[in-house]
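Chemist: Read in order, the letters of the sequence shown correspond to residues 1 to 155 in UniProt numbering.
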Amino acid sequence: MGVEIERKFLVDQKAWEKLEKPEGLHYQQGYIPSDDNCTVRVRIAGVHGYITLKGRTKGISRSEFEYEIPLADAKAMLDQFTQNGTEKIRYKFPAGNRVWEVDEFLGPNKGLVVAEIELEDEHEVFEKPTWITDEVTDEMRYANSNLAVRPFLEW
Numbered sequence: 001m002g003v004e005i006e007r008k009f010l011v012d013q014k015a016w017e018k019l020e021k022p023e024g025l026h027y028q029q030g031y032i033p034s035d036d037n038c039t040v041r042v043r044i045a046g047v048h049g050y051i052t053l054k055g056r057t058k059g060i061s062r063s064e065f066e067y068e069i070p071l072a073d074a075k076a077m078l079d080q081f082t083q084n085g086t087e088k089i090r091y092k093f094p095a096g097n098r099v100w101e102v103d104e105f106l107g108p109n110k111g112l113v114v115a116e117i118e119l120e121d122e123h124e125v126f127e128k129p130t131w132i133t134d135e136v137t138d139e140m141r142y143a144n145s146n147l148a149v150r151p152f153l154e155w
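1) Using 8 Å as the threshold, is the C-beta distance between ARG62 and THR52 below it?
2) Please state whether DSSP places ARG141 in a helix, a strand or coil.
3) Could you pull the start and end residues of the alpha helix (DSSP H) that LEU71 belongs to?
4) Of all the beta strand (DSSP E) runs that stay within the bounds of the stretch 30 to 70, which reach a length of 3 or more residues?
5) Of all the options LEU153, THR137 and ALA148, which has the alpha carbon lying nearest to the alpha carbon of GLU4?
6) If we ignore side chains and look at the alpha-carbon of each, how far apart do VAL11 and ASP35 end up?
7) Exposed or buried, which one is GLY46 when buried takes at least 16 other CB atoms within 10 Å?
8) Which value, in whole angstroms, describes the spacing of the CA atoms of ARG41 and GLN29?
9) Assuming LEU25 and ARG90 form a contact by the criterion Cβ under 8 Å, report the distance between their Cβ atoms to the nearest whole angstrom.
10) Please work out which residues of its chain come closer than 8 Å, Cβ to Cβ, to LEU64, disregarding the five sequence neighbours upstream and downstream, and give them in chain order.
11) Kindly indicate which residue of TYR27, ARG150 and SER145 has the alpha-carbon position closest to the one of CYS38.
12) Does the distance from the CB of GLU127 to the CB of GLY85 come in under 8 Å?
Structure follows, in structure tokens:
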């Protein structure tokens, strides 16, 4: 069984604007209606399609199953089955023995920049780049599935 152990942080906007960034990848994702025990996400990342099932979060961990699917299928699922979604550019920054994934949101979430780090253990110690600010791991409004329903620009 796949397990996602993830912490999420806000990014300092001024530092972000000055930061030399690697090439980002465009993400479009939508959510298939489900319940509190499972989130079903369809994602297009560049030219690849994915379907992901995520279980209920316990602490900073949850079960996660992600599978690559044909791009045409991902597009059809987004069109036919999702009611809401998010769009963003994702950047990857190596730091120590981990990689920070930084999402610069577009559309109704424009202006929000969030950094995530996936860990091997909930208590793992990791390096934080200087452009990382407040931790928002436990603030559900920053979950992508929630941003799809209640966008940042509506807060």
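Note that CB positions come from ideal geometry on N, CA and C, so glycine has one too.
Modeler: With the structure as the only source:
1) No, Cβ-Cβ distance for ARG62 and THR52 is not below 8 Å.
2) Helix, per DSSP.
3) Start and end: 71 to 81.
4) Listed in chain order, they are 38 to 45, 48 to 55 and 61 to 69.
5) Looking at the Cα atoms, THR137 is the closest of the given residues.
6) C-alpha of VAL11 to C-alpha of ASP35: approximately 30 Å in a straight line.
7) Counting Cβ neighbours within 10 Å, GLY46 comes out exposed, since fewer than 16 surround it.
8) Approximately 7 Å, taken between the alpha carbons.
9) At roughly 5 Å, the Cβ-Cβ gap stays under 8 Å, so LEU25 and ARG90 are in contact.
10) The sequence as given places Glu at residue 64; Leu does not occur at that position. GLY2, VAL3, GLU4, THR52, LEU53, LYS54 and GLY55, listed in sequence order.
11) Nearest option by C-alpha distance: SER145.
12) Not closer than 8 Å, so no.
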